[in-house]
Amino acid sequence: MQQMLALDFMRNAFLTGGCIALAAGLVGYFVVLRNQVFTADALGHVAFTGSLGGLLAGLNLLIGVFGSCIAVALAIGTLGGRGRGRDIAIGTVFAWVLGVGVLFLSLYITARSAATGSVGVGVLFGSILGLQPFQVVVASITGIATCIVTLVVARPLLFLSVDPDVALARGVPTHALTALFLVLLAVTVAESVQAVGALLIFGLMVTPAAIAQNLSARPWLGMALSALIALTVVWAGLVLSFYISFPTSFFITSLAFLAYLASLAGRRVVRRLA
Amino acid sequence: MRDEVRLVDKKPDGRATAAVFDRAAVRLGGKVVWRDVSFEVAGGEFVAILGPNGAGKSTLLKALLGIVPLTAGSVKVFGQPVRRGNDEVGYLPQRRRFDPDLRIRAIDLVRMGLDGGQWGVPLPSKSKQERVEEMVALVGATGYAQRPVGELSGGEQQRILIAQALVSGARMLMLDEPLESLDLNNQQAISNLIRGICQRQGVTVLLVAHDVNPILPFVDRVVYVAGGQVVCGKPADVIRTETLTRLYGAPVEVLTTSDGRLVVVGQHEPVSYHADH
Amino acid sequence: MPQQGPSWDLVADIQLLLQFHFMQNAFIAGTLVALLAGAAGYFVVLRGQSFAAHMLSQVGFPGAAAGVLLHVSPVLGLIVFCLAAALGIGWAGRDLDAGHRAESAAVGSILAFSLGLGLLFFRLYAGSAAGIYSFLFGTILGISDRDVQLTLVVAVLSFAALALIGRPLVFATVDPDVAEARGVNVQMLSIGFLVVLAFAVAITVQIVGTLLIFALLVAPGASALQLTARPGRALALSVALSLAFTWLGLALAYFTDLPVGFFITSLAFATYVLIRAAKGAALVRGGRLRFREPSFATPS
Numbered sequence: 001m002q003q004m005l006a007l008d009f010m011r012n013a014f015l016t017g018g019c020i021a022l023a024a025g026l027v028g029y030f031v032v033l034r035n036q037v038f039t040a041d042a043l044g045h046v047a048f049t050g051s052l053g054g055l056l057a058g059l060n061l062l063i064g065v066f067g068s069c070i071a072v073a074l075a076i077g078t079l080g081g082r083g084r085g086r087d088i089a090i091g092t093v094f095a096w097v098l099g100v101g102v103l104f105l106s107l108y109i110t111a112r113s114a115a116t117g118s119v120g121v122g123v124l125f126g127s128i129l130g131l132q133p134f135q136v137v138v139a140s141i142t143g144i145a146t147c148i149v150t151l152v153v154a155r156p157l158l159f160l161s162v163d164p165d166v167a168l169a170r171g172v173p174t175h176a177l178t179a180l181f182l183v184l185l186a187v188t189v190a191e192s193v194q195a196v197g198a199l200l201i202f203g204l205m206v207t208p209a210a211i212a213q214n215l216s217a218r219p220w221l222g223m224a225l226s227a228l229i230a231l232t233v234v235w236a237g238l239v240l241s242f243y244i245s246f247p248t249s250f251f252i253t254s255l256a257f258l259a260y261l262a263s264l265a266g267r268r269v270v271r272r273l274a
Numbered sequence: 001m002r003d004e005v006r007l008v009d010k011k012p013d014g015r016a017t018a019a020v021f022d023r024a025a026v027r028l029g030g031k032v033v034w035r036d037v038s039f040e041v042a043g044g045e046f047v048a049i050l051g052p053n054g055a056g057k058s059t060l061l062k063a064l065l066g067i068v069p070l071t072a073g074s075v076k077v078f079g080q081p082v083r084r085g086n087d088e089v090g091y092l093p094q095r096r097r098f099d100p101d102l103r104i105r106a107i108d109l110v111r112m113g114l115d116g117g118q119w120g121v122p123l124p125s126k127s128k129q130e131r132v133e134e135m136v137a138l139v140g141a142t143g144y145a146q147r148p149v150g151e152l153s154g155g156e157q158q159r160i161l162i163a164q165a166l167v168s169g170a171r172m173l174m175l176d177e178p179l180e181s182l183d184l185n186n187q188q189a190i191s192n193l194i195r196g197i198c199q200r201q202g203v204t205v206l207l208v209a210h211d212v213n214p215i216l217p218f219v220d221r222v223v224y225v226a227g228g229q230v231v232c233g234k235p236a237d238v239i240r241t242e243t244l245t246r247l248y249g250a251p252v253e254v255l256t257t258s259d260g261r262l263v264v265v266g267q268h269e270p271v272s273y274h275a276d277h
Numbered sequence: 001m002p003q004q005g006p007s008w009d010l011v012a013d014i015q016l017l018l019q020f021h022f023m024q025n026a027f028i029a030g031t032l033v034a035l036l037a038g039a040a041g042y043f044v045v046l047r048g049q050s051f052a053a054h055m056l057s058q059v060g061f062p063g064a065a066a067g068v069l070l071h072v073s074p075v076l077g078l079i080v081f082c083l084a085a086a087l088g089i090g091w092a093g094r095d096l097d098a099g100h101r102a103e104s105a106a107v108g109s110i111l112a113f114s115l116g117l118g119l120l121f122f123r124l125y126a127g128s129a130a131g132i133y134s135f136l137f138g139t140i141l142g143i144s145d146r147d148v149q150l151t152l153v154v155a156v157l158s159f160a161a162l163a164l165i166g167r168p169l170v171f172a173t174v175d176p177d178v179a180e181a182r183g184v185n186v187q188m189l190s191i192g193f194l195v196v197l198a199f200a201v202a203i204t205v206q207i208v209g210t211l212l213i214f215a216l217l218v219a220p221g222a223s224a225l226q227l228t229a230r231p232g233r234a235l236a237l238s239v240a241l242s243l244a245f246t247w248l249g250l251a252l253a254y255f256t257d258l259p260v261g262f263f264i265t266s267l268a269f270a271t272y273v274l275i276r277a278a279k280g281a282a283l284v285r286g287g288r289l290r291f292r293e294p295s296f297a298t299p300s
């Protein structure tokens, strides 16, 4: 353990991964509750193209990720699209978005030649062990900020998610809150891309929340559990990948998936006993 | 305080007016839903809002809640202009059931009616907890309040939602088709519950219904919405062949069956697509 | 890679295009893929199973990686994994619908896990980044003779199966209750189609990759169904569109040296948008809908 924490990049990974995990777990709870899993997926696709587009334009990778995710999230909110996986139009649009991402990737690799080929893999599957110092700072601060904002709006957001008609009648600013949540979602996706990658976002944003909802129907306990499970999965994944040189994001998604299966089984047992 | 005294009209029998429509009109999507609507609801009354599909029954409630703005006239609730988030008003919207996979406890849903709209993380509060439990007990839902709301039956969900509507201290309850999609036993049980709340707690009830029969015995007055107009009065005065024929502008007949049920025949219900589903 | 740009002389360009063995392989495999994907895609859209196609392709990713790792054909790995996933979906009974909270969470978890597993396999193989990209986004390189043979076998088998079940499948899709009453085994048909879909996905991944499967397996069928409601015509149109996207995409990728996935998705997207726009214009001009849209294709 000491050996592990003596390494600069491991300390960075624990700090950043922890902040990102808390935000992803907390926001993810609402993603599952509001049934917006596929909006998160779509934003992951956008994050891939956005980050490579940012790189290609000579900008910072982070500007590309955050900019594109927030812009698309707001567009989704304005168009009122629900981002359901079955929707053909949305599937076609986001396949195209990924296609453009591949174009950017290929252009970027050609432009820089050699040794940059893995930048795309980093965006797709995460590169938490290879974070640069400014990424550590930005990701940690935005992670904590996302948590705080989410907690401040959590109560009306919960109301709005569960019971929109009554929430409206009770004076909850439904439109503003919906838009705000999409921005929070976009920021969290952009963050999570750095930890687990654009393709494995589900593993950090959806699986812990789904486990938490399997374990408890108490909303506040559920939020806490979701954040804690995400944190545990990320840290455990980091520890495992330190000892076994498999990709960190493989461990994160596998641990999350195993825990999810366990929670399903547990719920079934409880139901049978009850 | 002085304002309130001035605004609340006292009826001759000493009961305060709960809701007043004064030449009110609403236009949705360029179409007039109803206009020149004027009627009063006294405190503690049980009022049924009836009418064909798409006539604007739900819109009437939404105007009272301040969700739908008026294009003319005024609406007041307990002497005050309508506004969203009024603690004295409880609302149970027309809806389908909650998804079976919604993992939120029933009691959490009731709690939302109390402080669900406030910002920030709620701190544990004994008084709020007690208030919630009291309401759950009032509707007879204590036995299943800890279970996820999606797992409850339609009748159980309806009781929980009534508790949610009442928990903020509501003196007026607005129920949009609360008996829809319930079986006969549950229709009976829920309408008895609502009547009990009306009589024992003195809560004014405005209930939108498709069929007046399950609640006919307890209804003090009927508001009948049809053809962009509204007629208000005692059930026996409103649900009559002459009144309804005038309201519909077409021949309509009210029949009474041998067990006392009212049936409206020849009702020309235009095929309408509800805007407010 | 290409020594010369296109000369805009069609015959010469096609000769140029097919001068290398890898491009011949890409075109043979691509044609088979387009035929099957177009045909299967029509049923996918009609049945509202575009999400199942999406899921199968992502579960296929570790299969392809395992095929590479074990030095057997990646196509074989894809087929095994896709088939297993298809049978899993069939066994789960109901259609995995992204509209439901619990199911979309379950599906999301499975997808993340399988992609993570694929990443692991690729790392174990110590493959280059390009290897991963080709299975995520498709490639025109590296389709071996053995892959072409496998593709041919799979495509022929799948076509035979589709020809066999096509008619009752349309019936069972449009009106399952009546079909059931008329003696059609709806359940078996559903699983049978999932198996065909698994084959179609497995070979389509070679050309457009795991992530861009929508472009060949869903977009042509969706575009075709926008234009016509006649099953025969829609099926033919879907196949034609899919062939056009594939051939054009391969040729453009060859001459520009840019990724084939970009061109195919762009063609698919542009076609879909144009058709929707034309439909919208027709609607405005004629004051009514000219083209018919089958109402059962879009879930309420």
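Just so you know, the sequences run in chain order A, B and C.
Residue numbers are given in my numbering: position 58 of the first sequence equals residue 58, and the series is strictly consecutive.
Residue numbers are given in my numbering: position 76 of the second sequence equals residue 76, and the series is strictly consecutive.
Residue numbers are given in my numbering: position 294 of the third sequence equals residue 294, and the series is strictly consecutive.
Glycine is no exception: its CB is placed at the ideal position from the N, C-alpha and C atoms.
Remember, it's a predicted structure, so these values are computed and weren't measured experimentally.
- One Cα belongs to A:A198, the other to B:D22, and the distance between them is close to 58 Å.
- For the C-beta of A:L177, not a single chain B residue is nearer than 7 Å; the gap to the nearest is close to 10 Å.
- The alpha carbon of A:T150 has as its nearest neighbour, out of A:V31, A:Y260, A:V102, the alpha carbon of A:V31.
- A direct Cα-Cα distance of roughly 45 Å separates A:T248 from C:G166.
- Counting the other CB atoms within 10 Å of its CB gives A:M205 a total of 16 or more, which places it among the buried residues.
- Along the stretch 109-124 of chain B, going in chain order, the ones with a CB nearer than 8 Å to a CB of chain A are L109, M112, G113, D115, G116, G117, Q118, W119, G120, V121, P122.
- Under the 8 Å Cβ criterion, the stretch 35-55 of chain A counts as touching the stretch 173-186 of chain A, having at least three qualifying pairs.
- Note on the stretch 187-242 of chain B: whole beta strand (DSSP E) runs with a minimum of 3 residues are 204-208, 221-226, 229-233, in chain order.
- Judged by DSSP in its simplified three-state form, A:V196 adopts coil rather than helix or strand.
- The Cβ neighbour count for C:H54, taken over all protein chains shown within 10 Å, is at least 16; the residue is labelled buried.
- Put simply, the CB of A:P219 is near chain B, with a gap under 9 Å to one of its CB atoms.
- The CB of A:N60 never comes closer than 9 Å to any CB in chain C; the least such distance is about 21 Å.
- If you look at B:T59, you'll find it in the alpha helix (DSSP H) that goes 57-65.
- Only exposed fits B:K31, as fewer than 16 other CB atoms lie within 10 angstroms of its CB.
- Given a length threshold of 3 residues, each whole run of the beta strand (DSSP E) inside the stretch 66-140 of chain B is given here in chain order: 72-77, 89-92.
- With fewer than 16 other Cβ atoms inside 10 Å of its own Cβ, A:F9 counts as exposed.
- Two segments are said to touch when three or more pairs of C-beta atoms, one from each, lie closer than 8 Å; by this definition the stretch 195-215 of chain C touches the stretch 258-267 of chain C.
- If you draw a straight line from the Cα of A:A24 to the Cα of B:F78, it is about 45 Å long.
- Contact with chain C is found for A:A256, since one of that chain's Cβ atoms lies less than 9 Å from the residue's Cβ.
- Straight across, the Cα-Cα distance linking A:A236 with A:L228 is about 12 Å.
- C:G118 and C:F61 do touch by the CB rule: their CB atoms are close to 4 Å apart, below 8 Å.
- In this structure, the alpha-carbon of A:S192 lies about 37 Å from that of C:F255.
- Under the Cβ distance rule, C:F81 does not count among the residues neighbouring chain A, no pair being separated by less than 9 Å.
- Measuring C-alpha to C-alpha distances from C:S242 to each of C:N25, C:L18, C:Y42 identifies C:Y42 as the nearest.
- By the CB criterion at 9 Å, A:F257 and C:F113 fall inside the cutoff.
- Around the beta carbon of A:Y243, fewer than 16 other beta carbons lie within 10 angstroms, which makes this residue exposed.
- Listed along the chain, the chain C residues whose CB falls inside 8 Å of the CB of A:P156 amount to none; the nearest CB is some 20 Å away.
- Remark: C-beta atoms of B:K76 and B:A19 approach each other more closely than 9 Å.
- Nearest Cα to B:R131 within the set B:D211, B:A55, B:S168: B:S168.
- Residue ranges of uninterrupted alpha helix (DSSP H) with 4 or more members, entirely inside the stretch 156-211 of chain A and ordered along the chain, are 164-169, 174-195, 201-205.
- Nearest C-alpha to A:L240 among A:G53, A:A111, A:A57, A:L129: A:L129.
- With fewer than 16 neighbouring CB atoms inside 10 Å of its own CB, A:I141 falls in the exposed class.
- The beta carbon of B:F39 sits closer than 6 Å to the beta carbons of F21, C232 from its chain, once the five residues preceding and following it are set aside; these are given in chain order.
- For B:E180, the three-state secondary structure derived from DSSP is coil.
- Taking 9 Å as the threshold, the shortest C-beta distance from A:P133 to chain C does not fall below it.
- With a cut-off of 8 Å on Cβ pairs, the stretch 81-96 of chain B is in contact with the stretch 159-175 of chain B, counting three or more such pairs.
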